[in-house]
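Under the UniProt record's numbering, think of the first position of the sequence shown as 1, with each following residue one higher.
Each residue gets a CB set at the ideal place from its N, CA and C atoms; glycine is no exception.
What follows is a single structure, written as structure tokens, with notes after it.
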Amino acid sequence: NANPDLDGKYEYRNVKRWSKKVPGKDLFNLDKVFFVINQDNAHWVCAVAFIQEKKVQMFDSMGGCGGYYLESIFQYLQDEHKDKKKKPLPDTDDWVLIPTTSDTPRQENGFDCGVFTCMFADFLSRDCPLSFSQEHITQCRERIALSIMQGRAIL
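Structure, rendered in structure tokens:
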């Protein structure tokens with residue numbers, strides 16, 4: 001958010017452009033929409049909107065619940081639907097906001113959050129269980145580095 005007057009608060013006008021590169025320009029036809037969030041320039045987390053399942057879930061390797069971010073993402077989905085489809089998001093009462101669960105892999109230090117965030121996105125995009133942990137972090141880093149060197153996503 002580039003507007004200091006907003007003090008980190010969500011404003012649709014600041015993120016409206018996010019969906020311009022979505023195939024067909026309709027993110028509501030997708031299964032998942034990933035949100036990589038930087039918290040106060042100190043910590044990275046991943047949130048996912050599972051569009052067809054009507055849920056938004058937080059994946060934080062330090063166990064934070066992410067309530068504000070979940071609510072902001074859900075508000076974004078409502079604003080995006082209203083802006084692009086010219087009508088409110090249907091069935092908003094059916095949507096569920098899920099904080100980080102106890103089985104989400106946890107980092108055991110203060111610096112691997114970016115790696116965990118990348119791995120959350122990688123595994124979830126492929127519908128794989130989050131079967132990695134801190135002990136796998138070196139292999140995770142190697143996987144990320146290889147994908148960058150090959151000019152492709154981790155996926």
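- Non-local beta-carbon contacts of Q107 in its own chain, meaning distances under 7 Å to residues more than five positions away in sequence, involve S61, M62, C113, F116 and Q134 in chain order.
- Assignment of L89 by DSSP, reduced to helix, strand and coil, places it in the coil class.
- CA-to-CA, the gap between A153 and L146 works out to about 10 Å.
- In the pairwise beta carbon analysis, the segment 6-25 is classified as not touching the segment 45-62: fewer than three pairs are separated by under 8 Å.
- Three or more Cβ pairs drawn from the segment 45-57 and the segment 66-73 lie within less than 8 Å of each other, which places the two stretches in contact.
- Considering only L77, H43 and K54, the residue with the shortest C-alpha distance to G66 is H43.
- Taking N109 as the centre and dropping the five residues before and after it, the same chain places the C-beta of Q134 closer than 8 Å to its C-beta, in chain order.
- Check the Cα spacing between Y10 and each of L30, Q78 and F34: the tightest is with Q78.
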